[in-house]
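Those protein sequence lines, which keep their order, are chains A and B. The opening position of the first sequence corresponds to residue 21 in the numbering used here, with each subsequent residue numbered one higher. The opening position of the second sequence corresponds to residue 21 in the numbering used here, with each subsequent residue numbered one higher. All residues carry an ideal CB built from backbone N, CA and C; glycine is no exception. This structure is a prediction, so every number in the text was calculated from the model and none was measured.
There are 2 protein chains.
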Amino acid sequence: MTDDSTSAGAAAQPQTQAPRRRRSGRRHEILEIAGRQIAEKGYAEATVRDIGEAAGILSGSLYRHFDSKDTILEELLRTYLDDLLVAYEAVTPASEGSASAALRKLIQIGVRAVHENRVEVTILHDNYKFLLRNPRFTFIQAMERQIMTYWLRVLEEGRATGEFSRELNPRVASLAIMGGIETMVRWFDPRGQFSHEEVAEQYATLHLNGLTA
Amino acid sequence: MTDDSTSAGAAAQPQTQAPRRRRSGRRHEILEIAGRQIAEKGYAEATVRDIGEAAGILSGSLYRHFDSKDTILEELLRTYLDDLLVAYEAVTPASEGSASAALRKLIQIGVRAVHENRVEVTILHDNYKFLLRNPRFTFIQAMERQIMTYWLRVLEEGRATGEFSRELNPRVASLAIMGGIETMVRWFDPRGQFSHEEVAEQYATLHLNGLTA
DNA sequence: GTCTATACCTAGATAGAC
DNA sequence: GTCTATCTAGGTATAGAC
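Take a look at the structure:
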């Protein structure tokens, strides 16, 4: 079950034992290697033998670091989604200015995530059906629902103030925009014609023009 | 290889032997059942035993109808993409009116495909990585590239005539729009708040506003 | 913490009777 | 065209020596 809740109580914790974020070095290194393998080949297709080989050890040795292959995947995705949620959360108030400014930020965060966390976004995108059907990964749905609320809040506010068109349903518009961002993982090349900032700017132009009445 | 070119010539064809579209009934029925299984569970996860069971036969019996599991998948996707290409091809000239009208049609075709060919679109979306990495399915890339040229032609024409904004790169804009359409497979519910025609209309509104300068 | 060796399972596919 | 029975390959995971 790999339940890392601090059930035994934190009071009894001895001196130097960092309970979380142990960053054992090797463990973290293997996690990154595994992520690259899974992103490149797909979760089912990247075997534990592949991951072991890429890390310079045999598959059996992986199980000294992780309970199972699923554990590796879960750790990768949880870490990423935690950070993404924090980033989105910070922009949602939209207090500082217009809804347009807030939407621009949402788009920038999404596009940047594709660029900077390519491995995780790729894994999430390519294995979505598997992840949704697996009880172990239901946290993903919950976190994405949370992200959706941040988008909705911005679009609804823009619609309420008349900044955005009344014709457009906030949920449909959000999904249309987010879908376009997510599928970037399939074509975006950081060494191509456009940097990720430029792509974000184009997306923002397109959708802000599109939404404003 | 499944090469169905009419190499032997059509002249020597005997009377009642329909060479293509044999629609043997049972074969076609199994194909639809298999499609549903694969769309629901994922290609790797839908086993030949699952497919057989859903069809009321044992897995071994499937091989009287199809050479392999891959054959089933290939036939499903080829048929769908063939039809989709034809639909897109018909609209591309954009001769009849403005680029806006043409783009609206492209969007309608894409959205309608998600609705009417849900099984195939779902399979294509969920197993994209696998399909790209498998030499047997390279035809998919070729056909999608062809579809992309249709979109590009419309967006470039609109940009050339000044109908669409110069700031937007046609390829980036196409991908943003198409990505939003494709990911509909993950949320669109025909019995939900909006029909597929209404979703298409919203998408068209959003993106036509977004593109027009 | 890694290796050797292997258990155990499930997948796609096949042979031959009916 | 379906069933019975089974092969073979390759997957995750484990046990125990080093």
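Would residue i pass as a contact of residue j if the rule is Cβ separation under 8 angstroms?
i	j	result
leucine 51 of chain B	isoleucine 92 of chain B	yes
glutamate 15 of chain B	arginine 156 of chain B	Look at the range of chain B in this structure, 21 to 233, and you will see that residue 15 of chain B is not part of it.
leucine 226 of chain A	leucine 231 of chain B	yes
leucine 97 of chain B	glutamate 140 of chain B	yes
serine 79 of chain B	arginine 69 of chain B	yes
valine 134 of chain A	valine 205 of chain A	yes
glycine 178 of chain A	leucine 123 of chain A	yes
threonine 112 of chain B	tyrosine 170 of chain B	yes
alanine 119 of chain B	glutamate 187 of chain B	no
leucine 12 of chain A	valine 174 of chain A	For chain A, the structure presents residues 21 to 233; residue 12 of chain A sits outside this window and is missing.
valine 143 of chain A	glycine 45 of chain A	Checking the sequence, you will find isoleucine at residue 143 of chain A rather than valine. No. Outside cutoff.
isoleucine 197 of chain B	valine 131 of chain B	no
alanine 64 of chain A	alanine 64 of chain B	yes
arginine 160 of chain A	leucine 104 of chain A	The residue you asked about is not arginine; residue 160 of chain A is isoleucine in the sequence shown. Contact flag unset, no.
alanine 74 of chain B	isoleucine 53 of chain B	yes
valine 150 of chain B	glycine 62 of chain A	Looking at the sequence provided, one finds phenylalanine at residue 150 of chain B rather than valine. In contact: phenylalanine 150 of chain B and glycine 62 of chain A (Cβ atoms closer than 8 angstroms).
Under 7 angstroms Cβ-Cβ, which residues of chain B neighbour residue i?
i	result
lysine 149 of chain A	Gly62 and Asp146
tyrosine 223 of chain A	Ala196
valine 134 of chain A	Those do not exist, as valine 134 of chain A stays about 11 angstroms from chain B at its closest Cβ, beyond 7 angstroms.
Taking its Cβ as the centre, do 16 or more other Cβ atoms sit within 10 Å of residue i, making it buried, or is it exposed?
i	result
tyrosine 106 of chain A	Residue identity check: residue 106 of chain A is valine in the sequence provided, not tyrosine. Label assigned to valine 106 of chain A: exposed.
glutamine 222 of chain A	buried
glutamine 57 of chain B	buried
proline 190 of chain A	buried
aspartate 146 of chain A	buried
glutamate 109 of chain B	exposed
tyrosine 83 of chain B	exposed
glutamine 128 of chain A	buried
glutamate 49 of chain A	exposed
alanine 180 of chain B	exposed
threonine 203 of chain A	buried
glycine 212 of chain B	exposed
alanine 233 of chain B	exposed
glycine 76 of chain A	exposed
phenylalanine 86 of chain B	buried
alanine 162 of chain B	exposed
threonine 22 of chain B	For threonine 22 of chain B, the predicted structure reports a pLDDT of 37, less than 50, and the residue's modelled location is therefore unreliable. A value from the coordinates is still provided. Per the 10 Å Cβ criterion, exposed.
Which residues of chain A have a Cβ atom closer than 7 angstroms to the Cβ of residue i, listed in chain order?
i	result
glycine 72 of chain B	Neighbours of glycine 72 of chain B on chain A: none; closest Cβ ~21 angstroms, over 7 angstroms.
glutamate 187 of chain B	Thr225
valine 219 of chain B	Val192
If the cut is a Cβ gap below 9 angstroms, which residues of chain A does residue i touch?
i	result
histidine 227 of chain B	Ala196, Leu226, His227 and Gly230
Looking at the unbroken alpha helix (DSSP H) that takes in residue i, where does it start and where does it end?
i	result
aspartate 209 of chain A	Here aspartate 209 of chain A belongs to no alpha helix (DSSP H), and DSSP marks it neither H nor E.
asparagine 229 of chain A	216-231
glycine 62 of chain B	That residue, glycine 62 of chain B, is in no alpha helix (DSSP H); it is neither H nor E in DSSP.
arginine 138 of chain B	138-146
arginine 191 of chain A	190-202
isoleucine 77 of chain B	That residue, isoleucine 77 of chain B, is in no alpha helix (DSSP H); it is neither H nor E in DSSP.
glutamate 177 of chain B	158-180
arginine 186 of chain A	Counting along the chain, arginine 186 of chain A falls outside any alpha helix (DSSP H), and DSSP gives it neither H nor E.
aspartate 90 of chain A	89-111
### Message
Please identify, using Cβ separations under 8 angstroms, the residues of the region 189-214 of chain B that lie next to chain A, in order along the chain.
### Response
Only those residues of the region 189-214 of chain B whose C-beta falls short of 8 angstroms from the nearest C-beta of chain A are listed: Asn189, Val192, Ala193, Leu195, Ala196, Ile197, Met198, Gly199, Gly200, Ile201, Glu202, Thr203, Met204, Arg206, Trp207, Gln213 and Phe214.
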